[in-house]
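Residue 1107 is where the sequence shown starts when you use my numbering, and the numbers rise one by one after that. Idealized CB from N, CA, C, for every residue including glycine. This structure is a prediction, so every number in the text was calculated from the model and none was measured. Some notes on the structure that comes next.
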Amino acid sequence: MRVDYDKEYALHVGSVLRFSSLLFENTFSRSIFPSTEKVLRLLETTNLDVLLCVLRFLFVVSKHSDFLDRYSRKYDISPLRVYIKSIVEAWDSFDMAASFHQLCLDCTLPAPDSFVTYLGSDRISVSVDRSKPLEDSLDKVLGDIRGWSTKYAKYVTEYAIAKSKALFIHRLQDKSNRIKCALIRVLVISIANYAKSLGLDSDIIAYESKVLCEIVKYEKLGQQFLCLKAEALRSLASIFFLKQIDLIKIISAELSLANAYGTISTIMNTAHDLFVSENTPELSTEETDFYSALFSFVYHAGGNAREIDSDDSKIFDILVDIVANCRSDESLITFITRSVRIIDNLVSFNTALLTNNRMELIAARFPTEIQNAKTSLENGTAVYPLQNMALIKSLLNFMRRAIMDMHLGTVTMKQPTIEALLYVFENAQHFGPSLFHPCYHLIISFISQETNQINMIHETGLSQSILNCLMANDLMVSREIIQGLPNLISALSLNNRGLELIQTLKPMERIIRLIFSAKFLVTTSKKKDEMGNIIN
1107 MRVDYDKEYA LHVGSVLRFS SLLFENTFSR SIFPSTEKVL RLLETTNLDV LLCVLRFLFV
1167 VSKHSDFLDR YSRKYDISPL RVYIKSIVEA WDSFDMAASF HQLCLDCTLP APDSFVTYLG
1227 SDRISVSVDR SKPLEDSLDK VLGDIRGWST KYAKYVTEYA IAKSKALFIH RLQDKSNRIK
1287 CALIRVLVIS IANYAKSLGL DSDIIAYESK VLCEIVKYEK LGQQFLCLKA EALRSLASIF
1347 FLKQIDLIKI ISAELSLANA YGTISTIMNT AHDLFVSENT PELSTEETDF YSALFSFVYH
1407 AGGNAREIDS DDSKIFDILV DIVANCRSDE SLITFITRSV RIIDNLVSFN TALLTNNRME
1467 LIAARFPTEI QNAKTSLENG TAVYPLQNMA LIKSLLNFMR RAIMDMHLGT VTMKQPTIEA
1527 LLYVFENAQH FGPSLFHPCY HLIISFISQE TNQINMIHET GLSQSILNCL MANDLMVSRE
1587 IIQGLPNLIS ALSLNNRGLE LIQTLKPMER IIRLIFSAKF LVTTSKKKDE MGNIIN
C-alpha cells in the first residue's frame, strides 16, 4: 500500500480520516457510508498511525450507527470481522512472560521475537527478524501462509492473524510503537463492544475488560501513557453505556468504584487538586483528552453503577467541590459543566444534596458565572464564550430539577440566584433564547412547587422583569419560548398582584399577534439539515 512507504501521503490520509470522524460524530451524515468499504481496505496497512486513524473512524461509526453491523452481515467473510478477530487472537496467543498491559507500558521488558500460528490443523512456529525492514520480514515469514489464503477462503483469517502477530512483534521493539500497538487493541475491543455482529465471544470480552482495567490502574502517568489510558476509559465507558450488566460488575470490582481509595476515586481526586489549584499550568492536549475520557467514564458509570454515588466512594463530594471551586479558565470550564451533568446523572435521591451544603455550593456557581458574564459584557465583549454559556445552561437545568424537591426549592432560590436571574432577563438579547428559556422555566417550576413564595417573586422584581422582557420588548422568536408562555402566565397569575400586573400588559393580544406573525411562522417551518444549515 502507498501509505506504507509514502509518509506525506500517509499524513494526508490520516487528516482525511480524522476529519471524517469529526464530520460523522457531529452530523451523523449517511453520505460517509459509501466510502467505508474503501476505508476497510486500509486495515491491511502496516503504518500504525494510519491504522489508528482508521480504527478511530470505525469506532465513531460503530458508536453512532448500526452500519458496521449491517455491513458485516452482508459477507460470509467480512474484512472487518477478520481483522477484529486477528487482533484479539494475535495478542492473546503470544507466549509472553509479562501480561499485555505490562509489556506495552514498561518498555524495559523484552518483546517476543517469535510466535505460533495455525494453518488448518497444522501448527507453525514463526521467527521474526527485526533487523530487516518490516516488508521483507513479512514476505519471508508469511509467504507460504499468504499463498494458501489466496487459494482457499477458509485460510484468510489464519493469514490475517499471522500477519497481525508478525506486525506487532516487529513493532514492539520501539517504545512509541508499543503504545500504538496497545491503542490498536483497545480500539478494536471498543468497536467490538458496539458492533455485535463481529462475533467476539463473551468470555473474550470479559477478559479484555479486565485488561482495560489493568491499563487504567497502571500507576505510571507519564504523558506518553495518557492517550492509552484515555482510550481504555472510553472503551470501559461504552460497556456502561450499553448496560452490559455482567461486565459492569467485573469493572466495578476491578476498579473498586465504591472505595474512596479505589482507582477512579484516586484519579478524580488528582483531577480535583489540579483544577482547583491556582498555580497549575494550562492542561496539555494529552491531559485534556485523558480527563475528558475520565469524566465521560464517571458519567456513564454513575448512571448504571450504584457504587459511584455511594458515600464511601467520595466521588460525589469531589464533583461538588469542582463545581464550587474550580477556576474559570478556558481549558477547565468544560470540566465544571461535565461535573454538573454527572451530578445530575448521579442523584437518584435528593437527600444527598441536603447534606454538607452540597446544593448551596452548586447553586452558588450560577451567580458567579453570571457575574463573570456581566464583567465580560461591561468590557465590551460582543459574544460570551459558548463553553461558559453551556455551563450556565447546565446549572439552570440542574437547579430546575432540584427545586422539584420540596426541601431544595428555598435552598436554591436565594438572593444571589434571584439577582443573577434578574440580570439575565434584563439582558435577554445578549444571552439569547438558549439561556432565557431555561431561566423562565426555572421560575415556572419554582412557583409551581413553592406557591407560597409567589409574593417573593413579585417583591424581588422577577415577575416584572420577565414580563417586560416578554411583552414590552421585542420577544426573541423561539418555538420553546412561545410554547412556555401559557405556563408562565398561569404561574404568575396565582395571586391578585400577579394577575393585575399581567392584565396591564395585555398578554393575549400580544401572543395572538405574535404567533400569527410572518416571522414566527417562518421560524416554525425551518429545519436543519445534517450539516446544521437551516432549510425550509
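Quick test of the definition: if touching needs 3 or more C-beta pairs under 8 Å, does the region 1374-1385 touch the region 1330-1345? No, because fewer than three Cβ pairs between the region 1374-1385 and the region 1330-1345 fall closer than 8 Å, the two stretches do not touch.
The alpha helix (DSSP H) that contains N1283, what's its start and end? In the sequence shown, residue 1283 corresponds to position 177, counting from 1. Looking at the DSSP string, the run of the alpha helix (DSSP H) that includes N1283 is K1281 to Y1300.
Tell me the rounded alpha-carbon separation between Y1111 and F1165. Position 5 of the sequence shown, counted from the first residue, corresponds to residue 1111. Position 59 of the sequence shown, counted from the first residue, corresponds to residue 1165. Counting only the Cα atoms, F1165 lies some 26 Å from Y1111.
As assigned by DSSP and simplified to three states, the class of S1171: Position 65 of the sequence shown, counted from the first residue, corresponds to residue 1171. Here S1171 carries a coil assignment [DSSP, helix/strand/coil].
Residue range of the alpha helix (DSSP H) that E1143 falls in? The sequence position of residue 1143 within the sequence shown is 37, counting from 1. Residue range T1142 to R1147 is occupied by the alpha helix (DSSP H) that includes E1143.
Span of the alpha helix (DSSP H) holding D1309? What you label residue 1309 is simply residue 203 of the sequence shown in a count that begins at 1. Run containing D1309: S1308 to K1323, per the alpha helix (DSSP H) assignment.
Alpha-carbon to alpha-carbon, A1407 and I1285: In the sequence shown, residue 1285 corresponds to position 179, counting from 1. In the sequence shown, residue 1407 corresponds to position 301, counting from 1. About 26 Å.
How many Å lie between F1381 and L1620 at the Cα? As a working mapping, residue 1381 is identified with position 275 in the sequence shown. As a working mapping, residue 1620 is identified with position 514 in the sequence shown. One C-alpha to the other measures close to 46 Å.
For S1437, three-class secondary structure by DSSP: Translated into positions along the sequence shown, residue 1437 becomes position 331. Here S1437 sits in coil by DSSP.
Measure the alpha-carbon distance for V1489 versus L1438 and round it to whole angstroms. As a position in the sequence shown, residue 1489 is number 383, starting the count at 1. As a position in the sequence shown, residue 1438 is number 332, starting the count at 1. Spanning the two alpha carbons is a distance of roughly 19 Å.
My output table needs one value for S1126: the three-state DSSP class, helix, strand or coil. Within the sequence shown, residue 1126 is the residue found at index 20, counting from 1. For S1126, the three-state secondary structure derived from DSSP is helix.
Mark S1358 as exposed unless 16 or more other C-beta atoms lie within 10 angstroms of its C-beta, in which case mark it buried. Here residue 1358 is taken as the residue at index 252 of the sequence shown, counted from 1. By the neighbour-count criterion, in which a residue is buried when 16 or more other Cβ atoms sit within 10 angstroms of its Cβ, S1358 is buried.
Measuring only the C-alpha atoms, how far is L1363 from S1371? Numbered from 1 along the sequence shown, position 257 holds the residue referred to as residue 1363. Numbered from 1 along the sequence shown, position 265 holds the residue referred to as residue 1371. Rounded to whole angstroms, L1363 and S1371 show a C-alpha spacing of 7 Å.
Tell me whether G1486 is buried or exposed, calling it buried when 16 or more other Cβ atoms sit within 10 Å of its Cβ. As a first step, residue 1486 must be located in the sequence shown, where it is residue number 380. So G1486 ends up on the exposed side.
Pull up the CB-CB distance for F1472 and A1526, whole angstroms please, since I reckon it's below 8 Å. Counted from its first residue, the sequence shown places residue 1472 at position 366. Counted from its first residue, the sequence shown places residue 1526 at position 420. The Cβ separation is near 6 Å, so the contact holds.
For the putative contact between P1539 and I1572, defined by C-beta atoms under 8 Å, what is the C-beta separation to the nearest angstrom? Mapped onto the sequence shown, residue 1539 falls at position 433. Mapped onto the sequence shown, residue 1572 falls at position 466. The distance from the Cβ of P1539 to that of I1572 is about 14 Å, inconsistent with a contact at the 8 Å cut-off.
Please list the terminal residues of the continuous alpha helix (DSSP H) segment that includes N1601. Here residue 1601 refers to the residue found at position 495 of the sequence shown. Looking at the DSSP string, N1601 is not in any alpha helix (DSSP H), and its letter there is neither H nor E.
Could you work out which residue in I1563, F1537 and F1542 is closest to K1520 when comparing CA atoms only? The sequence position of residue 1520 within the sequence shown is 414, counting from 1. Shortest Cα-Cα distance from K1520 to any of I1563, F1537 and F1542 involves I1563.
State the Cα-Cα distance for the pair S1315 and S1445, rounded to the nearest angstrom. For the purposes of this step, residue 1315 is taken as the residue at position 209 of the sequence shown. For the purposes of this step, residue 1445 is taken as the residue at position 339 of the sequence shown. Approximately 25 Å, taken between the alpha carbons.
Pick from F1396, A1469, T1461 and F1401: whose alpha carbon is nearest that of N1431? Numbered from its first residue, the sequence shown carries residue 1431 at position 325. Among F1396, A1469, T1461 and F1401, the Cα nearest to that of N1431 belongs to A1469.
Who are the Cβ neighbours of N1283 in its own chain at under 8 Å, not counting the five residues just before and after it? On the sequence shown, residue 1283 is found 177 positions in, with the first residue counted as 1. Closer than 8 Å at the Cβ level, and outside the excluded window around N1283, lie L1154 and R1277.
Can you tell me whether DSSP reads L1361 as helix, strand or coil? The residue labelled residue 1361 in the question sits at position 255 within the sequence shown. In the structure shown, L1361 sits in coil (DSSP, three-state: anything other than H, G, I, E or B).
Note down the Cα distance separating Y1258 from C1319, rounded to an integer number of angstroms. The residue given as residue 1258 occupies position 152 in the sequence shown. The residue given as residue 1319 occupies position 213 in the sequence shown. Below a pLDDT of 50, predicted positions are generally treated as unreliable, and Y1258, at 49, falls in that range; the measurement from the model is reported next regardless. One alpha carbon belongs to Y1258, the other to C1319, and they sit about 39 Å apart.
Quick one, which of R1447, L1467 and E1475 has its alpha-carbon nearest S1434's? On the sequence shown, position 328 is the one that residue 1434 refers to. Answer by Cα proximity: E1475.
Starting from the C-beta of H1101, find all residues in its chain whose C-beta is less than 6 Å away, skip the five residues before and the five after it, and write them out in chain order. Residue 1101 falls outside the range modelled here, since the chain spans only 1107 to 1642, and no answer is possible.
Span separating the alpha-carbon of L1425 from that of I1345: Against the sequence shown, residue 1425 aligns to sequence position 319. Against the sequence shown, residue 1345 aligns to sequence position 239. Taking the straight line joining both Cα atoms gives about 22 Å.
Among A1366, G1590, Q1589 and Y1300, which residue has its Cα nearest to the Cα of L1342? For the purposes of this step, residue 1342 is taken as the residue at position 236 of the sequence shown. Nearest option by C-alpha distance: Y1300.
N1132 burial status per 10 Å Cβ neighbour count (16 or more: buried): Residue numbering aside, residue 1132 sits at position 26 when the sequence shown is read from its first letter. Exposed, because fewer than 16 other Cβ atoms sit within 10 Å of the Cβ of N1132.
Straight-line Cα distance separating S1137 from K1271: Start at 1 with the first residue of the sequence shown, and residue 1271 comes out as number 165. Start at 1 with the first residue of the sequence shown, and residue 1137 comes out as number 31. K1271 and S1137: Cα-Cα distance of roughly 35 Å.
To the nearest angstrom, report how far apart M1637 and S1127 are at their CA atoms. Along the sequence shown, one-based indexing puts residue 1637 at 531. Along the sequence shown, one-based indexing puts residue 1127 at 21. Caution applies to M1637, whose pLDDT of 46 falls short of 50 and renders its modelled position unreliable; the model cannot decide the point.
Under the three-state DSSP convention, the category L1483 falls into: Residue mapping note: residue 1483 aligns to position 377 of the sequence shown, counting from 1. L1483 falls in the helix class under three-state DSSP.
From R1616 to A1597, what distance separates their C-alpha atoms? Along the sequence shown, one-based indexing puts residue 1616 at 510. Along the sequence shown, one-based indexing puts residue 1597 at 491. C-alpha separation (whole angstroms): 18 Å.
Assign E1525 to one of three DSSP states: helix, strand, or coil. Start at 1 with the first residue of the sequence shown, and residue 1525 comes out as number 419. Under the three-state reduction of DSSP, E1525 is assigned to helix.
For D1175 and chain D, any beta-carbon pair shorter than 8 Å? Absence of chain D from the displayed structure is noted, only one protein chain being present.
Short of 7 Å in beta carbon distance, which residues of its chain neighbour A1266, apart from the five on each side in sequence? Order them along the chain. Residue mapping note: residue 1266 aligns to position 160 of the sequence shown, counting from 1. V1188, Y1189 and S1192, listed in sequence order.
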